[in-house]
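**Student:**
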Amino acid sequence: MWPYELQSWMELGYSALPGLDQDAGNPLGIAQLTENRYHGRRQVAPAAYPLAGITVLLETMVAKILMQTQPNGTVIATGIQLANSTSFHGREIIISAGAYRSPQLLKLSGIGPASELTAHDIPVLVDNPDVGQHLIEHFAGTFYYKVRNASAGWAIGSGNPVLDEPQYGLGLAVDFNVQTDVPKEGLAHAIELDEGYKPDILTHPLLKYNRTFSEYLLLMAGAADGSRVLFGSTGLLPTSRGSVKLASGHVSDTPLINPNYLGTHVDRYVMRHMMRTQARFAGSNATIVGREILDGEDPVLSGATQPIALNSTDAFLDTRASAAVGTVWHPHGTCAMGKVVDTDLRVKGVENLRVADASVFPVPITAHLQVATYGMAEQAALIIGGGS
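Numbering follows UniProt numbering, in which position 269 of the sequence shown is assigned residue number 269; successive positions increment by one, without gaps.
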């Protein structure tokens, strides 16, 4: 499939990156998919960074941050209290619970929107309406496409002995990661609908540069008999913002997460463009894959009645998108720098308390978050350790 997929993306006007390397400074184009795996296992931080001198408590939930309010009104973090009422104290408290749990923990400790805290009988220590707001989450839709001849061996399950080799179980059956901009004219119109005035193409941050709005992954698997493949599209530069709110005043209750997918005209335009690009790639004569290998979308497996096609209306695509779009597990922004923490990751209004995780990113990261999050964590270590 490799040469045909590469040719097809180029037939649609996209260029192969030098060395098919997406990590060389410019991600816009066709690249070989790179995964962070070793012997098939995803490599998490403890596998790459030493834990010498660190004690990890398993199956342990932090209930709240312990605070002291000084006579002059200064709020100081002194420790944490676990759900079992055990407490730990330290010179500095660093929260790294992620974009969902970090804002929840701040709120349970009295830091957040006063109205929300009061509604759950939580004493307000620092009224900050931005805690838990500005949730940024990449949105993705995955659709099934039909293989013209399943016995030809294009997909896993087709009987192709090469695809039955054990190494195909050690990673995704994906050859390429294709990241692209979107057409400026349609984007400018969507921006105008969102912002209420015509944007300046030379100065608007979404228009003046080529930006990484879209990502495409063609997974050569989708049915047990090899008759279907999965085509995924991800929006990497969402303009919609969601929220993380308390379900109750108890840490054991999962917070209420509203990603607000496709909440703007821009995001809906990007999603429609990605769906139409899929149809051009895999359901038209514009590419060799569409002419000879794939035969359009299977709407039934995708949970619909009519397939995505080149002549699909905006309204139809919006309806399909709203049913298909979901998470790719890239949440960030809920303890945003400048609003909740400062440039040294210190929580505003509280001494001796920092947040160090993806929740502090104030703007969308137009890529998968792992590298950016690790980079932020390394900077956090330097900041907290005084540069040593």
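All C-beta atoms, glycine included, are put in the ideal place defined by N, C-alpha and C. Here the structure is a predicted model, which means the values were calculated and not measured.
Grouping DSSP H, G and I as helix and E and B as strand, with all else coil, what is M61?
**Tutor:** M61 falls in the coil class under three-state DSSP.
**Student:** Bridge partners for R346 per DSSP, in chain order?
**Tutor:** In DSSP, R346 forms a bridge with R354.
**Student:** Identify whether K198 lies in helix, strand or coil by the three-state DSSP scheme.
**Tutor:** It is coil, neither helix nor strand.
**Student:** Between E351 and V289, what straight-line distance do the alpha-carbon atoms span, to the nearest angstrom?
**Tutor:** The alpha-carbon atoms of E351 and V289 are separated by roughly 59 Å.
**Student:** My parser needs the alpha helix (DSSP H) runs of 4 or more residues fully inside the segment 56-142; what are they?
**Tutor:** Those alpha helix (DSSP H) runs which fall completely within the segment 56-142 and span 4+ residues are 98-108 and 114-119.
**Student:** By Cβ distance, which residues of its chain are closer than 6 Å to L99, with the 5 residues on each side in sequence left out?
**Tutor:** The sequence shown places Ala at residue 99, not Leu. If we look at A99 and ignore the five residues flanking it on each side, its Cβ neighbours are P331, H332, T334, A358 and S359.
**Student:** First and last residue of the beta strand (DSSP E) that includes Q32?
**Tutor:** First-last of the beta strand (DSSP E) with Q32: G29 to Q32.
**Student:** Grab me the residues of A309's own chain with a C-beta within less than 6 Å of its C-beta, minus the 5 sequence neighbours each way, in chain order.
**Tutor:** Within the same chain, A309 has close Cβ partners A279.
**Student:** Would you give the residue range spanned by the alpha helix (DSSP H) that Q179 belongs to?
**Tutor:** First-last for Q179: V174 to T180, but that is the beta strand (DSSP E), not the alpha helix (DSSP H).
**Student:** Going by beta-carbon coordinates alone, are G110 and P123 separated by less than 7 Å?
**Tutor:** Contact: yes.
**Student:** S312 bridges to which residues according to DSSP?
**Tutor:** Answer is none; S312 lacks a bridge partner.
**Student:** Report all residues from its chain with a CB closer than 8 Å to the CB of R148; omit the five preceding and five following residues, and keep chain order.
**Tutor:** Closer than 8 Å at Cβ, skipping near neighbours: E292, I293, L294 and D295.
**Student:** Please return the same chain residues whose Cβ sits closer than 7 Å to the Cβ of V328, not counting the five positions on each side in sequence.
**Tutor:** Cβ neighbours of V328 beyond the five flanking positions: H138, A140 and T234.
**Student:** Please determine, among I136, T264, L163 and D253, the residue with the shortest C-alpha to C-alpha distance to D225.
**Tutor:** The shortest Cα separation from D225 among I136, T264, L163 and D253 belongs to L163.
**Student:** Rounding to the nearest angstrom, what Cα-Cα distance links L345 and L382 in this structure?
**Tutor:** For L345 and L382, the distance between alpha carbons rounds to 12 Å.
**Student:** Give me, in chain order, the residues of the same chain whose beta-carbon lies closer than 6 Å to that of H134; leave out the 5 immediate sequence neighbours on both sides.
**Tutor:** Here the set comprises R241, G333 and A336.
**Student:** Around the C-beta of R42, are 16 or more other C-beta atoms found within 10 angstroms, so that it is buried, or is it exposed?
**Tutor:** By the 10 Å Cβ count, R42 comes out exposed.
**Student:** Please classify I156: does DSSP put it in a helix, a strand, or coil?
**Tutor:** In the structure shown, I156 sits in coil (DSSP, three-state: anything other than H, G, I, E or B).
**Student:** Which term fits Y209, buried or exposed, when burial requires 16 or more other beta carbons within 10 angstroms of its beta carbon?
**Tutor:** Y209 is exposed by the Cβ-count criterion.
**Student:** Between A173, T313, N177 and V44, which has its C-alpha nearest R268's C-alpha?
**Tutor:** Considering only alpha carbons, the answer is T313.
**Student:** Around the C-beta of S87, are 16 or more other C-beta atoms found within 10 angstroms, so that it is buried, or is it exposed?
**Tutor:** So S87 ends up on the exposed side.
**Student:** Can you round the beta-carbon distance between S214 and L236 to whole angstroms, since I take them to be within the 8 Å contact cut?
**Tutor:** So it is a contact: roughly 7 Å between Cβ atoms.
**Student:** On the DSSP bridge assignment, give the partners of K339 in chain order.
**Tutor:** According to DSSP, K339 bridges with nothing at all.
**Student:** Comparing alpha-carbon positions, which option in G79, Q379 and P259 lies nearest I94?
**Tutor:** Checking every option, the nearest Cα to that of I94 belongs to G79.
**Student:** I'd like to check one pair, G232 with L217: are the Cβ atoms closer than 7 Å?
**Tutor:** Cβ distance < 7 Å, so L217 and G232 count as in contact.
**Student:** For P18, is the classification buried or exposed, using 16 other Cβ atoms within 10 angstroms of its Cβ as the cut-off for buried?
**Tutor:** Exposed, because fewer than 16 other Cβ atoms sit within 10 Å of the Cβ of P18.
**Student:** Is the distance from the Cβ of W9 to the Cβ of V178 below 7 Å?
**Tutor:** Cβ distance < 7 Å, so W9 and V178 count as in contact.
**Student:** With respect to the alpha helix (DSSP H) encompassing G375, which residues constitute its N-terminal and C-terminal limits?
**Tutor:** Here the alpha helix (DSSP H) through G375 covers Q370 to I384.
**Student:** Take P255 and list the residues in its own chain whose beta-carbon comes closer than 7 Å to its own, dropping the five residues that flank it on each side.
**Tutor:** Closer than 7 Å at the Cβ level, and outside the excluded window around P255, lie Y100, Q104, V244, K245, L246 and A247.
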